[in-house]
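Peer 1: One structure, pasted below without further comment.
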Amino acid sequence: MPDSRFGIFGLISDAGPVVLFVLAVLLCFSIVSWAIIAYKFGYVRNSLNESRVFLDYFFDVYNVEKVFTESENYRNGSLPRIFRSGYVEYRALGEKSDIRHARLRIARAVKREANAESKRLTSLVSFLATVGNTAPFIGLFGTVWGIMTSFHNIGLTQSASLAAVAPGISEALIATAAGLAAAIPAVIAYNYFTQQIGIIERDIEEFSPEFVAAFINEP
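Counted from 1, the sequence shown has number 514 at position 200 by the working numbering; the numbering is strictly sequential.
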């Protein structure tokens, strides 16, 4: 039967307090990262899907009353939200408002909601970049500390045997692996979300003028 001390949990239990602290920090980073990944994946996916379906309806109907009613079915889409903000401003305008004034106010409302939506899309994503950039270095700190422990044991025992260096080397390898395990998913997710959010933001930039024109041209 293999010695349980050489299992992953045995190696962690034998690690020193500094390496244990490093591992705890990396574990917290990893848990928070995966929570953000799960949340943002659903948020961004729903925004893309609902925005695409909404745009198809918008260009098929092109009647603001009907489009607004339909947009209520897409509460998670970025473009439907922006359209509704323009519709609310459109309804708030008096019938005597001139076209130039109406266009300006609606455009401002659409722009304001577009900026707010961009902030909602990008919120928390920067944390993934932070984890991706810092986790390997935090793991590297644990690695260096583990190697220092190995040299310290060599000095105490006056021997470079496996028994003397194994604990410190184990700490170093575990810290390195933990840093990479936290960083790699965060980097992959950050790149994915950046790409998808960029698609949504380009759609917002492209179709916001279409929304404004739809209100102004409404008979």
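Just so it is clear, CB atoms sit at the ideal spot from N, CA and C, and this is done for glycine as well.
Measuring CB to CB, does residue 454 end up less than 9 angstroms from residue 504?
Peer 2: Not a contact, by the Cβ cut-off of 9 angstroms.
Peer 1: Does the structure place the segment 341–355 close enough to the segment 366–379 that three or more beta carbon pairs sit under 8 angstroms?
Peer 2: No: the two stretches stay apart, fewer than three of their Cβ pairs being nearer than 8 angstroms.
Peer 1: Evaluate contact between the segment 506–520 and the segment 381–388, counting only Cβ atoms and requiring at least three cross-stretch pairs below 8 angstroms.
Peer 2: In short, these stretches do not touch, since the Cβ pair count stays below three.
Peer 1: Of the choices 491, 376, 431, 508, whose alpha-carbon is the least far from that of residue 390?
Peer 2: Looking at the Cα atoms, 431 is the closest of the given residues.
Peer 1: Would you call the CB atoms of residue 399 and residue 435 closer than 9 angstroms?
Peer 2: It is not a contact, given that the beta carbons lie outside the stated cut-off.
Peer 1: Would you mind working out which of 401, 416, 491 sits nearest residue 341, comparing C-alpha positions?
Peer 2: The shortest Cα separation from residue 341 among 401, 416, 491 belongs to 491.
Peer 1: Out of curiosity, what's the CA-to-CA distance linking residue 358 and residue 507?
Peer 2: Taking the straight line from one Cα to the other gives about 8 angstroms.
Peer 1: Less than 9 angstroms separating the beta-carbons of residue 372 and residue 519?
Peer 2: Not in contact: residue 372 and residue 519 (Cβ atoms no closer than 9 angstroms).
Peer 1: Return the chain-ordered ranges of every alpha helix (DSSP H) run that is complete within the segment 403–467 and spans a minimum of 4 residues.
Peer 2: Correct list: 413–436.
Peer 1: Under the three-state reduction of DSSP, which class applies to residue 387: helix, strand or coil?
Peer 2: Of the three classes helix, strand and coil, the one that applies to residue 387 here is coil, per DSSP.
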